[in-house]
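K.L.:
One structure, as C-alpha coordinates, below. Some questions next.
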Amino acid sequence: MTTRNPSLEEALKAAQSLMNDRLTAVEEHKRSVDAEQEAREALAEAERDSARTWAALLAAGWTPAELKKIGFAEPRVKAPGRPRTARSRSGKDADGAKQSTELPTQTAPDFSTPSEHASASV
29 MTTRNPSLEE ALKAAQSLMN DRLTAVEEHK RSVDAEQEAR EALAEAERDS ARTWAALLAA
89 GWTPAELKKI GFAEPRVKAP GRPRTARSRS GKDADGAKQS TELPTQTAPD FSTPSEHASA
149 SV
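29 is the number of the first residue of the sequence shown in my numbering; add one for each residue after it.
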(Lines of atoms letter the chains of each structure in order from A; the text may use other names.)
(Lines give C-alpha, C1' and ligand atoms only; values in the text may rest on other atoms or scores of the structure.)
Protein backbone atom coordinates (compact mmCIF):
# COMPACT_ATOMS: atom_id res chain seq x y z
CA MET A 29 0.00 0.00 0.00
CA THR A 30 1.45 3.32 -1.01
CA THR A 31 0.53 6.62 0.49
CA ARG A 32 -0.21 9.35 -1.92
CA ASN A 33 1.86 12.49 -1.84
CA PRO A 34 -0.57 15.40 -1.16
CA SER A 35 -0.14 18.73 -2.78
CA LEU A 36 1.18 21.60 -0.70
CA GLU A 37 -2.31 23.08 -0.52
CA GLU A 38 -3.82 19.76 0.66
CA ALA A 39 -1.09 19.29 3.27
CA LEU A 40 -1.56 22.79 4.65
CA LYS A 41 -5.34 22.37 4.73
CA ALA A 42 -5.04 19.06 6.65
CA ALA A 43 -2.52 20.58 9.07
CA GLN A 44 -4.74 23.61 9.60
CA SER A 45 -7.70 21.34 10.36
CA LEU A 46 -5.68 19.44 12.97
CA MET A 47 -4.39 22.70 14.43
CA ASN A 48 -7.92 24.14 14.64
CA ASP A 49 -9.04 21.13 16.69
CA ARG A 50 -6.13 21.65 19.09
CA LEU A 51 -6.78 25.39 19.33
CA THR A 52 -10.45 24.71 20.09
CA ALA A 53 -9.39 22.50 22.99
CA VAL A 54 -7.11 25.27 24.32
CA GLU A 55 -9.94 27.79 24.00
CA GLU A 56 -12.36 25.51 25.90
CA HIS A 57 -9.83 24.90 28.65
CA LYS A 58 -9.13 28.63 29.03
CA ARG A 59 -12.84 29.34 29.38
CA SER A 60 -13.12 26.60 32.00
CA VAL A 61 -10.16 27.99 33.98
CA ASP A 62 -11.65 31.49 33.85
CA ALA A 63 -15.04 30.21 35.05
CA GLU A 64 -13.36 28.33 37.90
CA GLN A 65 -11.47 31.48 38.97
CA GLU A 66 -14.66 33.55 38.89
CA ALA A 67 -16.45 30.92 40.97
CA ARG A 68 -13.62 30.88 43.54
CA GLU A 69 -13.72 34.68 43.80
CA ALA A 70 -17.51 34.63 44.18
CA LEU A 71 -17.24 31.95 46.88
CA ALA A 72 -14.63 33.95 48.79
CA GLU A 73 -16.84 37.03 48.64
CA ALA A 74 -19.87 35.05 49.84
CA GLU A 75 -17.84 33.56 52.71
CA ARG A 76 -16.67 37.03 53.80
CA ASP A 77 -20.26 38.30 53.66
CA SER A 78 -21.49 35.32 55.69
CA ALA A 79 -18.79 35.92 58.31
CA ARG A 80 -19.69 39.62 58.46
CA THR A 81 -23.40 38.93 58.96
CA TRP A 82 -22.63 36.21 61.55
CA ALA A 83 -20.58 38.76 63.50
CA ALA A 84 -23.51 41.19 63.24
CA LEU A 85 -25.82 38.52 64.70
CA LEU A 86 -23.45 38.01 67.63
CA ALA A 87 -23.18 41.77 68.14
CA ALA A 88 -26.99 41.94 68.18
CA GLY A 89 -27.02 39.56 71.15
CA TRP A 90 -27.50 36.15 69.56
CA THR A 91 -25.35 33.31 70.87
CA PRO A 92 -23.79 30.68 68.62
CA ALA A 93 -25.89 28.02 70.40
CA GLU A 94 -29.12 29.92 69.63
CA LEU A 95 -28.13 30.38 66.01
CA LYS A 96 -27.34 26.66 65.69
CA LYS A 97 -30.80 25.84 67.11
CA ILE A 98 -32.30 28.01 64.38
CA GLY A 99 -30.35 26.00 61.82
CA PHE A 100 -27.41 28.25 61.03
CA ALA A 101 -23.93 26.84 60.89
CA GLU A 102 -21.02 28.91 62.09
CA PRO A 103 -19.19 30.29 59.06
CA ARG A 104 -15.98 28.59 58.00
CA VAL A 105 -14.30 31.97 57.61
CA LYS A 106 -14.07 34.43 60.47
CA ALA A 107 -14.85 38.09 59.94
CA PRO A 108 -11.82 40.31 59.70
CA GLY A 109 -11.18 42.43 62.71
CA ARG A 110 -8.65 43.71 65.12
CA PRO A 111 -5.96 41.16 65.89
CA ARG A 112 -6.11 39.78 69.40
CA THR A 113 -3.04 39.98 71.59
CA ALA A 114 -1.94 37.45 74.17
CA ARG A 115 -1.72 40.15 76.82
CA SER A 116 -4.09 42.99 77.58
CA ARG A 117 -3.06 46.51 78.55
CA SER A 118 -3.91 45.79 82.19
CA GLY A 119 -1.00 43.35 82.42
CA LYS A 120 -3.29 40.39 83.04
CA ASP A 121 -3.44 37.24 80.97
CA ALA A 122 -6.60 35.74 79.46
CA ASP A 123 -7.51 34.09 82.81
CA GLY A 124 -7.24 37.39 84.68
CA ALA A 125 -4.03 36.45 86.49
CA LYS A 126 -1.35 39.12 86.86
CA GLN A 127 1.47 38.58 84.39
CA SER A 128 5.05 38.86 85.58
CA THR A 129 7.23 41.47 83.94
CA GLU A 130 10.47 40.12 85.45
CA LEU A 131 13.05 38.67 83.12
CA PRO A 132 14.35 35.20 83.92
CA THR A 133 17.85 35.14 85.37
CA GLN A 134 20.57 33.46 83.39
CA THR A 135 23.87 32.00 84.54
CA ALA A 136 27.05 32.63 82.59
CA PRO A 137 28.28 29.67 80.54
CA ASP A 138 31.29 27.75 81.89
CA PHE A 139 34.14 28.14 79.39
CA SER A 140 36.85 26.64 81.60
CA THR A 141 38.85 23.68 80.34
CA PRO A 142 38.71 20.25 81.97
CA SER A 143 42.28 20.72 83.33
CA GLU A 144 41.16 23.84 85.25
CA HIS A 145 38.42 21.77 86.91
CA ALA A 146 40.96 19.14 87.98
CA SER A 147 43.32 21.70 89.57
CA ALA A 148 40.43 23.45 91.34
CA SER A 149 39.32 20.26 93.04
CA VAL A 150 42.83 19.44 94.45
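For every residue, glycine included, the Cβ atom is placed at its ideal position computed from N, Cα and C.
1. Is A52 helix, strand or coil by DSSP?
2. Within a Cβ cutoff of 6 Å, which residues of the same chain sit near A107, ignoring the five residues on either side of it in sequence?
3. Taking the alpha-carbon positions, what's the E64 to M47 distance?
4. The alpha helix (DSSP H) that contains E94, what's its start and end?
5. Is A79 near the ligand GTP, going by C-beta to nearest heavy atom under 6 Å?
6. Classify A88 as helix, strand or coil using the three-state DSSP reduction.
P.N.:
Answer, in terms of the structure:
1. For the sequence presented, residue 52 should be read as Thr rather than Ala. Here T52 sits in helix by DSSP.
2. A79, R80 and A83
3. 26 Å
4. P92 to I98
5. Absence of the ligand GTP from the depicted structure is noted, as is the absence of any ligand whatsoever, leaving it without description.
6. coil
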